[in-house]
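Structure first, then comments.
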Amino acid sequence: GAVVSQHPSWVICKSGTSVKIECRSLDFQATTMFWYRQFPKQSLMLMATSNEGSKATYEQGVEKDKFLINHASLTLSTLTVTSAHPEDSSFYICSASGTYEGKQYFGPGTRLTVT
Amino acid sequence: QKEVEQNSGPLSVPEGAIASLNCTYSDRVSQSFFWYRQYSGKSPELIMSIYSNGDKEDGRFTAQLNKASQYVSLLIRDSQPSDSATYLCAVKDTGRRALTFGSGTRLQVQP
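Those protein sequences? They're chains E and L, same order as listed. Sequence positions in the first sequence follow the numbering used here and run 339 to 453. Sequence positions in the second sequence follow the numbering used here and run 15 to 125.
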């Protein structure tokens with residue numbers, strides 16, 4: 339099956355610093371990658387959609403200057419949380435899709451804690 | 015606003031029983047349908063995809079799609095305690111790459 343990795347799996351950072359999360363598709367080329375956020379006991383919330391080589395499309399209410407997304411290749415996308423604050427503490431999950439049918443494969447997620 | 019609706023549960027079934035999870039969607043031209051399983055504290059895992067009306071079976075799982083009724087369901091036969099998780103229904107709409115997810119149904123399989 340399709341495998342998606344994320345790094346790091348968890349990170350603790352101080353308020354005001356930036357954190358970069360990497361998402362890689364290991365055995366397929368991902369034309370589209372997605373970034374989600376999930377708070378405890380809540381639903382997945384789509385933050386943005388990114389296509390290789392083009393700017394990400396952000397969902398309404400997501401600050402593009404705070405959550406920087408780069409999709410430089412067909413196997414790598416990164417999410418940078420800039421000037422992190424405690425309210426940014428959450429579970430960030432990426433997914434990747436290489437098919438028109440829209441099948442998405444999720445990475446294992448990154449748990450971010452901002453102190 | 016295109017929507018995917020699921021009963022939040024919890025749906026409690028005894029071990030060995032059939033668990034039936036349901037999902038309705040609002041966009042008549044939706045073309046692809048998926049079921050994901052999410053264990054607590056983990057990311058979602060794709061377990062079934064279905065694209066045309068009817069049933070699709072994979073092991074203990076059967077997905078059922080009825081586009082006329084805008085309804086998709088997941089049956090889990092011989093439920094096991096390890097099936098206890100939240101099951102997410104997801105729909106792909108035309109003209110949009112992202113999936114629309116339901117809020118999930120929590121399934122509890124009682125030993």
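No residue lacks a Cβ here, since even glycine has one placed at the ideal position from N, Cα and C. Please read these numbers as outputs of a predicted model, since none were measured by experiment.
What is the C-beta distance between residue i and residue j, in whole angstroms, given that I count them as a contact (C-beta under 8 Å)?
i: E/Tyr374; j: E/Leu384; result: 6 Å
i: E/Ser421; j: E/Ala368; result: Going by Cβ atoms, the distance from E/Ser421 to E/Ala368 rounds to 28 Å, so no, they are not a contact pair.
i: L/Gln122; j: L/Pro24; result: 5 Å
i: L/Ile64; j: L/Phe47; result: 5 Å
i: L/Val18; j: L/Thr114; result: 5 Å
i: L/Arg111; j: E/Thr370; result: 5 Å
i: E/Gly447; j: L/Ser34; result: With a Cβ gap of about 28 Å, E/Gly447 and L/Ser34 do not count as contacting.
Could you tell me the boundaries of the beta strand (DSSP E) in which residue i lies?
i: L/Glu71; result: 68-72
i: L/Thr38; result: 33-39
i: L/Gln122; result: 119-124
i: L/Lys106; result: 99-106
i: L/Asn80; result: 75-80
i: E/Arg449; result: 448-452
i: E/Thr437; result: Element bounds for E/Thr437: n/a, residue is neither H nor E.
i: E/Glu360; result: 357-363
i: E/Ala410; result: 405-411
i: L/Tyr85; result: 85-90
i: E/Thr401; result: Note that residue 401 of chain E is Glu in the sequence shown, not Thr. Premise fails: E/Glu401 is in no beta strand (DSSP E) and is neither H nor E.
i: E/His345; result: 342-345
i: E/Asn389; result: 383-389
i: E/Thr416; result: 414-419
i: L/Phe115; result: 113-115
Run the CB neighbour count on residue i, radius 10 Å, all protein chains shown included, and call it buried at 16 or more, exposed below.
i: L/Gln52; result: buried
i: L/Trp49; result: buried
i: E/His423; result: exposed
i: E/Gln344; result: buried
i: E/Ile407; result: buried
i: E/Thr453; result: exposed
i: E/Thr451; result: exposed
i: L/Ile32; result: exposed
i: E/Pro346; result: exposed
i: L/Gly55; result: exposed
i: E/Gln398; result: exposed
i: E/Thr341; result: Here residue 341 of chain E turns out to be Val, not Thr, going by the sequence shown. Exposed, since its Cβ has fewer than 16 Cβ neighbours within 10 Å.
i: E/Ser392; result: exposed
To the nearest angstrom, how far is the alpha carbon of residue i from that of residue j?
i: E/Ser427; j: L/Ser96; result: 29 Å
i: L/Lys106; j: L/Ile61; result: 16 Å
i: E/Glu360; j: L/Lys81; result: 37 Å
i: E/Pro378; j: L/Tyr101; result: 16 Å
i: L/Cys37; j: L/Thr119; result: 9 Å
i: L/Tyr39; j: L/Ser87; result: 11 Å
i: L/Asp72; j: L/Asn21; result: 23 Å
i: L/Ile90; j: E/Ser356; result: 43 Å
i: E/Ala386; j: L/Gly30; result: 40 Å
i: E/Phe444; j: L/Arg42; result: 26 Å
i: E/Val349; j: L/Asn67; result: 44 Å
i: E/Arg362; j: E/Phe372; result: 11 Å
i: E/His409; j: E/Ala394; result: 8 Å
i: E/Glu401; j: E/Ser388; result: 15 Å
i: E/Thr418; j: L/Asp92; result: 43 Å
i: E/Gly354; j: E/Tyr396; result: 22 Å
i: E/Phe429; j: E/Leu414; result: 19 Å
i: E/Thr416; j: L/Gln45; result: 29 Å
i: E/Leu412; j: E/Lys358; result: 18 Å
Could you tell me whether any non-hydrogen atom of the ligand SAH is closer than 7 Å to the CB of residue i?
i: E/Ser381; result: Inclusion of the ligand SAH in the displayed structure is not the case, the ligand content being empty and no account of it being possible.
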